[in-house]
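**Student:**
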Amino acid sequence: MWSAFWQQWRGLDSPGQFRKQYTMLDQKALRQDPETIATALEWRGHVFDAGAYAGLEARRRELQSRTEALQHERNERSRAIGEAKRRGEDIEPLKAQVGELGEALKNAEAELQAVQARLRDIQLGLPNLPHDSVPPGADESDNVEIRRWGEQPAFEFRPRDHVELGERLDGLDFDAGARLSGSRFVVMRGQIARLHRALAQFMLDVHVEAHGYTEAYVPYLVNEGALIGTGQLPKFAEDLFATEHAEQTLHLIPTAEVPLTNLAAGQILEADALPRGYVCHSPCFRSEAGSYGRDTRGMIRQHQFDKVELVQLTRPDDSYAALERLTGHAEAVLQRLELPYRVVTLCAGDMGFAAAKTYDLEVWLPGQDTYREISSCSNTEAFQARRMQARWRNPDTGRPEPLHTLNGSALAVGRCLVAVLENNQQADGRVAVPSVLRPYMGGREWLEPV
RNA sequence: GGAGAGGUGGCAGAGUGGUCGAAUGCGGCGGACUUGAAAUCCGUUGAGCCCAAAGGGCUCCGGGGGUUCGAAUCCCUCCCUCUCCGCCA
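The opening residue of the first sequence carries number 4 in the numbering used here; numbering runs sequentially from there.
Listed below in structure tokens is the structure:
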């Protein structure tokens with residue numbers, strides 16, 4: 004897998020360069036204070052053997068010094084041969100001397116490479132460090148609700164869930180999805196398909212026109228380099244759908260965050276180019292390995308779903324303010340749709356691999372009588388930026404430094420459709436079209452049972 | 001898919017075995033000249049890593065491998081781009 008990956012990653016390639024690349028945590032910190040890092044990682048439930056790492060790191064340092072000394076000697080001697088040759092002297096004795104050097108150098112280089120590969124593997128497997136403001140905890144139950152918005156609708160009847168509503172509206176067909184592709188696929192038709200499209204269009208327009216994001220259209224198949232950059236690989240390959248094409252592996256994107264964030268890969272952006280924001284509507288493909296039996300009913304958890312994704316690139320000192328803004332942009336969509344929701348700060352143990360801090364937006368679903376995740380907004384700080392070499396030129400130092408990347412769903416279109424159906428249902432089975440969506444629905448105010 | 005050409009620093013573009021991290025031009029930055037600007041002239045201008053106090057060293061000319069004392073330069077292979085033909089939305 005690795006050789007193919009390196010080949011695919013252009014510009015981020017040489018042995019000299021990959022030393023610093025594809026690490027998520029700061030190399031210097033890892034080197035200088037692995038114990039502290041181990042403690043911080045423990046906090047989010049990851050075991051890191053600091054002692055073993057420090058040992059490997061010491062070995063690397065020794066090997067690198069030795070290798071570079073040998074390279075230096077080779078360069079010197081080769082240069083001397085060149086000069087002797089130009090002067091017309093006999094170079095055979097000189098050549099014999101260097102011959103022995105070659106073997107030692109070859110061995111040193113091979114050893115160094117092996118150690119570097121091991122270090123890289125460890126580094127790539129380490130999750131991000133939680134930010135100081137992240138609450139401790141092991142799982143979902145330790146997440147902290149920080150605010151609620153909107154009123155949960157009071158029904159004078161037993162509210163139906165979206166599966167039932169979708170059936171009565173003749174627009175959600177899970178059987179057809181299963182016949183075509185298998186479980187966790189759905190076919191939408193008619194007024195529901197249109198509502199789905201309206202939601203995506205509406206969200207795009209809000210983010211472009213009101214929030215200033217740049218709209219993007221991206222590939223839905225990406226190479227392994229991109230997935231390493233954002234942190235899906237090497238650890239979470241089983242969550243992805245893979246394709247083989249022309250002897251290279253491409254994966255279906257699990258989120259537009261992957262292509263969008265990787266737009267900055269290998270780049271050095273000028274300070275005045277930040278912050279930069281992208282919005283993209285795309286399908287997302289997830290194998291949902293390990294979630295057997297969970298959310299099997301309805302379209303809460305599908306192999307394929309649409310999402311409008313926000314990505315921001317910021318200066319490091321601005322990323323936490325940007326996280327608040329970005330979360331607000333996602334909330335704005337729910338507010339305009341008049342859907343009740345709450346905001347939750349994920350605890351250290353519940354955060355995704357790349358995140359330093361995450362807010363989840365959970366929308367009220369009457370059919371389930373609970374709040375369900377509809378958006379996840381994260382600051383990954385420099386984690387992804389280091390892996391993909393996304394940098395900015397810091398005017399204070401004049402040097403290229405990793406920038407910060409953020410991402411958030413705004414929103415998951417399928418789950419949003421579910422929320423609209425369930426929250427806006429009437430006793431007679433009709434569903435009110437939120438007023439902001441009516442222009443996208445040909446002025447239509449109601450979805451009517453067929 | 002077939003035939004051909006090519007991938008070099010922010011861009012353009014030289015370099016076909018040795019002192020090349022790389023000519024030259026443009027762009028950028030600093031300075032001179034100018035009331036200011038333009039023009040002109042001078043200087044400067046890639047990234048990463050190692051040891052480190054200064055300083056020294058290593059790596060990178062699409063990726064990987066090979067030949068060689070020595071590779072941007074030769075060989076193999078993969079990827080990408082362009083032109084023509086075919087096909088197609």
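The beta-carbon is built from N, C-alpha and C at its ideal position, and this holds for glycine as well.
Among Gln30, Gln429, Ala435 and Trp395, which has the Cα closest to the Cα of isoleucine 125?
**Tutor:** Sequence index remark: in the first sequence, residue 125 carries index 122 (1-based). Checking every option, the nearest Cα to that of isoleucine 125 belongs to Gln30.
**Student:** How would you label threonine 26, buried or exposed, when you count the other beta carbons within 10 angstroms and need 16 or more for buried?
**Tutor:** As a first step, residue 26 must be located in the first sequence, where it is residue number 23. Confidence is the limiting factor: at threonine 26 the pLDDT is only 43, short of 50, which leaves the residue's position unreliable, though a coordinate-based value still follows. Counting Cβ neighbours within 10 Å, threonine 26 comes out buried, since at least 16 surround it.
**Student:** Under 8 angstroms, do alanine 357 and threonine 252 count as touching if we go by C-beta distance?
**Tutor:** Residue mapping note: residue 357 aligns to position 354 of the first sequence, counting from 1. Residue mapping note: residue 252 aligns to position 249 of the first sequence, counting from 1. Against a cut-off of 8 angstroms, the Cβ pair of threonine 252 and alanine 357 comes out as no contact.
**Student:** In terms of residues, what are the limits of the beta strand (DSSP E) holding isoleucine 377?
**Tutor:** For the purposes of this step, residue 377 is identified with residue 374 of the first sequence, where counting begins at 1. Its beta strand (DSSP E) spans residues 373-382.
**Student:** For the segment 259-272 against the segment 391-400, are there 3 or more C-beta pairs whose distance is under 8 angstroms?
**Tutor:** yes
**Student:** Please report the straight-line C-alpha distance between proline 237 and aspartate 173, rounded to a whole angstrom.
**Tutor:** By 1-based counting over the first sequence, the position of residue 237 is 234. By 1-based counting over the first sequence, the position of residue 173 is 170. Going by the C-alpha atoms only, they are around 42 angstroms apart.
**Student:** Hey, how far is the Cα of proline 138 from the Cα of tyrosine 323?
**Tutor:** Numbered from its first residue, the first sequence carries residue 138 at position 135. Numbered from its first residue, the first sequence carries residue 323 at position 320. Rounded to the nearest angstrom, the two C-alpha atoms are 16 angstroms apart.
**Student:** Check for me: the alpha helix (DSSP H) holding threonine 70 runs from which residue to which?
**Tutor:** Here residue 70 refers to the residue found at position 67 of the first sequence. Per DSSP, threonine 70 belongs to the alpha helix (DSSP H) from 53-89.
**Student:** Quick one: give me the first and last residue of the beta strand (DSSP E) that lysine 310 is part of.
**Tutor:** Stepping through the first sequence from its first residue, residue 310 is reached at position 307. Start and end: 307-317.
**Student:** Can we say the segment 210-221 touches the segment 179-191, given the rule of at least three CB pairs closer than 8 angstroms?
**Tutor:** No contact exists between the segment 210-221 and the segment 179-191.
**Student:** Once you ignore the five residues that flank threonine 365 on each side, which residues in its own chain have a CB closer than 7 angstroms to its CB?
**Tutor:** In the first sequence, counting from the first residue as 1, residue 365 sits at position 362. Note that residue 365 is glutamate in the sequence shown, not threonine. Cβ neighbours of glutamate 365 beyond the five flanking positions: Tyr344, Arg345, Val347, Tyr374, Arg375, Glu376 and Ile377.
**Student:** Over what stretch of residues does the alpha helix (DSSP H) that includes alanine 229 continue unbroken?
**Tutor:** Locating residue 229 in the first sequence gives position 226, counting from the first residue. 227-233 is the span of the alpha helix (DSSP H), which, as asked, contains alanine 229.
**Student:** Could you say if the segment 193-201 and the segment 242-249 meet the contact criterion of at least three C-beta pairs nearer than 8 angstroms?
**Tutor:** no
**Student:** Is methionine 191 helix, strand or coil by DSSP?
**Tutor:** Translated into positions along the first sequence, residue 191 becomes position 188. Three-state result, methionine 191: strand.
**Student:** Taking all protein chains shown into account, do 16 or more other C-beta atoms lie within 10 angstroms of the C-beta of alanine 268, making it buried, or fewer, making it exposed?
**Tutor:** Position 265 of the first sequence, counting from 1, holds the residue named residue 268. By the neighbour-count rule (16 or more Cβ atoms within 10 Å), alanine 268 is buried.
**Student:** Determine the burial state of arginine 300: buried for a count of at least 16 other Cβ atoms within 10 Å of its Cβ, exposed for fewer.
**Tutor:** The sequence position of residue 300 within the first sequence is 297, counting from 1. With fewer than 16 other Cβ atoms within 10 Å, it is exposed.
**Student:** In terms of DSSP beta bridges, what is glycine 280 paired with?
**Tutor:** If you number the first sequence from 1, residue 280 lands on position 277. Answer by DSSP bridge pairing, in chain order: Gln315.
**Student:** Using the rule of at least 16 other Cβ atoms within 10 Å of the residue's Cβ for burial, across every protein chain shown, is arginine 363 buried or exposed?
**Tutor:** The residue you call residue 363 lines up with position 360 of the first sequence. Note on identity: in this sequence residue 363 is aspartate, with arginine being the wrong assignment. Answer is buried; the Cβ neighbour count reaches 16.
**Student:** Taking the beta strand (DSSP E) that leucine 255 belongs to, which residues open and close that run?
**Tutor:** Position 252 of the first sequence, counted from the start, is the residue given in the question as residue 255. Residues 251-255.
**Student:** Can you tell me where the beta strand (DSSP E) holding histidine 165 begins and where it ends?
**Tutor:** As a first step, residue 165 must be located in the first sequence, where it is residue number 162. Counting along the chain, histidine 165 falls outside any beta strand (DSSP E), though it belongs to the alpha helix (DSSP H) covering 165-171.
**Student:** Quick one, are the C-beta atoms of aspartate 3 and glutamate 425 less than 8 angstroms apart?
**Tutor:** Given that the chain is displayed from residue 4 to residue 453, the structure contains no residue 3 and the question cannot be resolved.
**Student:** Give a yes or no on whether the C-beta atoms belonging to glycine 2 and alanine 141 are separated by under 8 angstroms.
**Tutor:** Since the displayed the chain opens at 4 and closes at 453, residue 2 lies outside it and no answer follows.
**Student:** Helix, strand or coil: how does DSSP classify arginine 345 here?
**Tutor:** The count along the first sequence starts at 1 and reaches residue 345 at position 342. Three-state DSSP puts arginine 345 in a strand.
**Student:** With respect to the alpha helix (DSSP H) encompassing histidine 248, which residues constitute its N-terminal and C-terminal limits?
**Tutor:** As a first step, residue 248 is located in the first sequence; it is residue number 245 there, counting from the start. Here histidine 248 belongs to no alpha helix (DSSP H); instead the beta strand (DSSP E) covers 245-248.
**Student:** With 16 as the cutoff for other CB atoms within 10 Å, does arginine 171 come out buried or exposed?
**Tutor:** For this step, residue 171 is matched to residue 168 along the first sequence. Its Cβ being crowded by 16 or more others within 10 Å, arginine 171 is buried.
**Student:** Looking only at its own chain, which residues have a Cβ that is under 6 angstroms from the Cβ of alanine 3, when we skip the five neighbours before and after it?
**Tutor:** Summary: the structure shown does not reach residue 3, with the chain confined to residues 4 through 453, and so no result is reported for it.
**Student:** Between the beta-carbon of arginine 318 and the beta-carbon of leucine 277, is there less than 8 angstroms?
**Tutor:** Taking the first sequence and counting its residues from 1, one reaches residue 318 at position 315. Taking the first sequence and counting its residues from 1, one reaches residue 277 at position 274. Going by C-beta atoms, arginine 318 is nearer than 8 angstroms to leucine 277.
**Student:** Under DSSP, the beta strand (DSSP E) around leucine 368 begins and ends at which residues?
**Tutor:** For the purposes of this step, residue 368 is identified with residue 365 of the first sequence, where counting begins at 1. In the DSSP annotation of this structure, the continuous segment of the beta strand (DSSP E) that includes leucine 368 starts and ends at 360-368.
**Student:** For glutamate 45, which option in Asn131, Glu159, Trp449 and Glu334 has the closest C-alpha, if you only look at C-alpha atoms?
**Tutor:** Against the first sequence, residue 45 aligns to sequence position 42. Nearest of Asn131, Glu159, Trp449 and Glu334 to glutamate 45, Cα basis: Asn131.
**Student:** With alanine 415 as the anchor, note down where its alpha helix (DSSP H) starts and where it stops.
**Tutor:** Residue 415 sits at position 412 when you count from the first residue of the first sequence. Counting along the chain, alanine 415 falls outside any alpha helix (DSSP H), though it belongs to the beta strand (DSSP E) covering 407-415.
**Student:** When you compare the CB positions of glycine 355 and aspartate 145, do they come within less than 8 angstroms of one another, or not?
**Tutor:** Looking up residue 355 in the first sequence gives position 352. Looking up residue 145 in the first sequence gives position 142. Not closer than 8 angstroms, so no.
**Student:** Return the chain-ordered list of same chain residues with a C-beta closer than 6 angstroms to the C-beta of asparagine 427, the five sequence neighbours on each side being excluded.
**Tutor:** As a working note, residue 427 is residue 424 in the first sequence. Only Val434 and Ala435 meet the Cβ criterion.
**Student:** When DSSP builds the beta bridges, which residues end up paired with asparagine 397?
**Tutor:** By 1-based counting over the first sequence, the position of residue 397 is 394. DSSP, once it has assigned bridges, lists Arg402 as partnering asparagine 397.
**Student:** Per DSSP, which residues does proline 452 bridge with? Please list them.
**Tutor:** By one-based count along the first sequence, residue 452 stands at place 449. Looking at the DSSP assignment, proline 452 forms no beta bridge with any residue, so it has no partner.
**Student:** Using a Cβ-Cβ cutoff of less than 8 angstroms, which residues in the same chain neighbour arginine 121 once the five nearest sequence positions on both sides are dropped?
**Tutor:** Here residue 121 is taken as the residue at index 118 of the first sequence, counted from 1. Correct list, in chain order: Leu59.
**Student:** Below 8 angstroms between beta carbons: does that hold for valine 311 and threonine 264?
**Tutor:** As a first step, residue 311 is located in the first sequence; it is residue number 308 there, counting from the start. As a first step, residue 264 is located in the first sequence; it is residue number 261 there, counting from the start. Not a contact, by the Cβ cut-off of 8 angstroms.
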